[in-house]
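In the working numbering, the protein residues as written are 19 to 147. Glycine included, each C-beta is placed from N, C-alpha and C at the ideal position.
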Amino acid sequence: MDTTMRIHVSSDDTHAEDLAELVAALHSELLQLDVEEVRPLRTGPPPAGARSDWGIDLGGLAVVADASVEMLSRIVGSLRAWCERAEPRPAVRLEIDGDAIEISEASAEQAEQSLQLFLHRHGTVGQHR
Numbered sequence: 019m020d021t022t023m024r025i026h027v028s029s030d031d032t033h034a035e036d037l038a039e040l041v042a043a044l045h046s047e048l049l050q051l052d053v054e055e056v057r058p059l060r061t062g063p064p065p066a067g068a069r070s071d072w073g074i075d076l077g078g079l080a081v082v083a084d085a086s087v088e089m090l091s092r093i094v095g096s097l098r099a100w101c102e103r104a105e106p107r108p109a110v111r112l113e114i115d116g117d118a119i120e121i122s123e124a125s126a127e128q129a130e131q132s133l134q135l136f137l138h139r140h141g142t143v144g145q146h147r
């Protein structure tokens, strides 16, 4: 069974163009995983006659993938590696089914512990949700 993970990246020290570049790099990395789809997040439906890029959240991605703990762990692992390389280091918010976790200034140990709890709440281990 597939699930959609919403990822929102933000940084107080980054201009919109730079944030868009950071998120584009993350988008490319996530596509290297065995996911169904990675697409920009929209802020809402466009009004009639609006351009097709209206309402795109520059800092947001939706990742559609298998809901297994293993797959969600690979996505989060890729996200964490990307965060460690990004300058300046962004804050990241993950959301699945309305449940969200934000990692910004947590220590590596705190982030790992929180992410593992989050993943196990949402991932399946060999069975369908």
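- prompt: In the region 46-133, which residue ranges form an unbroken alpha helix (DSSP H) of at least 4 residues, counting only runs that do not cross its ends?
  reply: 87-103
message: Nearest by alpha-carbon distance to Leu51: which of Glu39, Leu133, Ser96 is it?
response: Ser96
field: Helix, strand or coil at Asp36 according to DSSP, with G and I counted as helix
entry: helix
Among Ile93, Ala104, Gly116, Ala118, the one whose alpha carbon lies nearest that of Thr32: Ala104
- prompt: If you draw a straight line from the alpha carbon of Pro108 to that of Gly67, how long is it in whole angstroms?
  reply: 34 Å
message: At the level of alpha carbons, what is the spacing between Ala129 and Gly77?
response: 20 Å
query: Apart from the five residues on each side of it in sequence, which residues of its chain come closer than 7 Å, Cβ to Cβ, to Val56?
result: Cβ neighbours of Val56 beyond the five flanking positions: His45, Leu48, Leu49, Leu79, Val81.
query: How big is the Cα-Cα spacing for Pro106 and Ser86?
result: 31 Å
field: Rounded C-alpha distance that separates Ser29 from Leu37
entry: 8 Å
- request: Would you identify the three-state DSSP class for Asp20, choosing helix, strand or coil?
  value: strand
message: Taking a contact to mean a Cβ-Cβ separation below 8 Å, would you say Leu40 touches Val53 in this structure?
response: Going by C-beta atoms, Leu40 is not nearer than 8 Å to Val53.
field: Exposure of Leu135, with buried meaning 16 or more beta-carbon neighbours within 10 Å
entry: exposed
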